[in-house]
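Going by this note's numbering, the sequence shown opens with residue 293, and the numbers climb by one from there.
In what follows, a single structure is set out as structure tokens and then discussed.
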Amino acid sequence: MGEFHSTHFTLEKVSSYVYAAVAKKGSGSVANAGFVNLGDQLLIFDTFNTQQASADLKKIAEKITNQSVTWVINSHWHGDHIRGNQTFKESKIISSEVTYSKMRGFHPSRISKQKNDLQGLSTYIQSLEKQGNLKLNDQLHFLREIEKSLPTLELVLPNQTFRRNHTFSGTACRAKLFTLGGGHSFCDACLYIPEEKVIFMGDLLFVNGHPTFFEESNPNQWIQILREVERLDFNVAIPGHGSIGTKQDISNLIDYIAEITTVVSENESLEEIEIPSKYKNWGSPEVYHQNIKVLYEMRKS
Ligand SMILES: [Zn+2]
């Protein structure tokens, strides 16, 4: 789709009315996003890590659907899903109540700290450039996009919230936004488009890459949520990170979480834990050991 080119993502039409914007490495997107043409309304799912990436998404989505953005969803509070919100100030922005309060609680100080240390970021970028290491290229480009976004970055909070679910009914199709609580983050929301058999999973799903666990993650609840989602009728699952997946990727992630939780509960020492061979080809292998550490701390507390 030449005329719909962005340096931040690859656009993929996954069904008649649903498009996935899959993040390019070393860009201003970081996470995936996408949009649904409801017929008489245009719905955006997540807004990337920067306003330059979300501006591309808005432009392309509006061109393809020939209408302006009606709704914007924030799946959870993490920066790479919400920092592009300012592009959509004219639209209705919706998240769960918990996601709204976490955004309001965490981001203002985080963003002002980053704005105040723009010089530090620039110095760091220059030091990476001096190393001339090709392996650092993606990291370098990702940081340059943040450097570019910070001077004009504004935190734009959702102007609507929902508790458990919210249905968008359009003339072409329906989209069901829902949360079953928190697995990856304090509260994670999915968007299910039943007629299209497509679901946007946010960071409850990573495809061909290690999912990230944080102190706030809840591995058991994460598995429960994925089991619930698996019961829905769909063929395409759009993850928060990685390539477009299927139902199989959901059951792979259930296995991964169950296995890594067991590894942590059965090992007294964190030394010498190796990545199981079936995950050896997954992206970001360093995340496996970070996850082990986070889960180990969780077990202690
Ligand atoms: Zn996340």
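Every residue, glycine too, gets a C-beta built ideally from N, C-alpha and C.
> Whole-angstrom Cβ separation of residue 242 and residue 514, contact assumed at under 8 Å?
Replying inline: The displayed coordinates of the chain run from 293 to 593. Any statement about residue 242 would go beyond what the structure contains.
>> Looking only at its chain, what residues have a beta carbon closer than 8 Å to the beta carbon of residue 536, apart from the 5 residues adjacent to it on each side?
In response: 304, 306, 312, 314, 499, 528, 529, 530
> Roughly how many angstroms separate the alpha carbons of residue 468 and residue 407, rounded to a whole number?
Replying inline: 36 Å
> Which parts of the segment 382–451 are runs of the alpha helix (DSSP H), unbroken and 4 residues or longer, counting only runs that do not cross its ends?
Replying inline: 389–408, 410–423, 429–441
>> From the DSSP secondary-structure annotation, give me the bridge partner or partners of residue 311.
In response: 305, 327
> Out of curiosity, what's the CA-to-CA distance linking residue 297 and residue 316?
Replying inline: 12 Å
>> Please give the ranges of any beta strand (DSSP E) in the segment 315–380, keeping only runs that are unbroken, at least 3 residues long and fully inside the region.
In response: 325–329, 334–337, 363–365
> Under a CB-based cut-off of 8 Å, is residue 338 close to chain D?
Replying inline: This model lacks chain D altogether, as it is built from one protein chain only.
> Thinking C-alpha only, which one of 308, 358, 375, 458 is nearest residue 325?
Replying inline: 375
>> Distance check for residue 405 and residue 349, CA to CA, integer angstroms please.
In response: 27 Å
> Nearest-angstrom Cα distance between residue 342 and residue 532?
Replying inline: 15 Å
> On the three-state DSSP scale, how would you describe residue 464?
Replying inline: coil
> Residue ranges of each beta strand (DSSP E) run of no fewer than 3 residues wholly in the segment 456–543, ordered along the chain?
Replying inline: 457–461, 466–471, 481–485, 490–499, 528–534
> Given that a residue counts as buried once 16 or more other Cβ atoms are within 10 Å of its Cβ, and exposed if not, what is residue 475?
Replying inline: buried
> Does the Cβ of residue 540 have 16 or more other Cβ atoms within 10 Å, making it buried, or fewer, making it exposed?
Replying inline: exposed
> What is the DSSP secondary structure of residue 554, reduced to helix, strand or coil?
Replying inline: helix
> Where residue 331 and residue 464 are concerned, what is the direct C-alpha to C-alpha distance, given to the nearest angstrom?
Replying inline: 4 Å
> Excluding five sequence neighbours on each side, which residues of the same chain lie with their C-beta closer than 7 Å to the C-beta of residue 556?
Replying inline: 584, 587, 588, 591
> Could you name the residues, in chain order, whose CB is less than 5 Å away from a heavy atom belonging to ligand 1?
Replying inline: 370, 495
> Do three or more CB pairs link the segment 426–437 to the segment 368–382 at distances below 8 Å?
Replying inline: no
> On the three-pair Cβ rule with 8 Å, is the segment 383–394 touching the segment 447–457?
Replying inline: yes
> Roughly how many whole angstroms lie between the Cα atoms of residue 523 and residue 403?
Replying inline: 39 Å
> residue 521 to residue 511, Cα distance in whole Å?
Replying inline: 15 Å
>> Using DSSP's beta-bridge definition, name the partner residues of residue 454.
In response: 388
> Excluding sequence positions up to five away, which residues of its chain have a Cβ less than 6 Å from the Cβ of residue 502?
Replying inline: 574, 576, 579, 580
>> Taking its Cβ as the centre, do 16 or more other Cβ atoms sit within 10 Å of residue 392, making it buried, or is it exposed?
In response: buried
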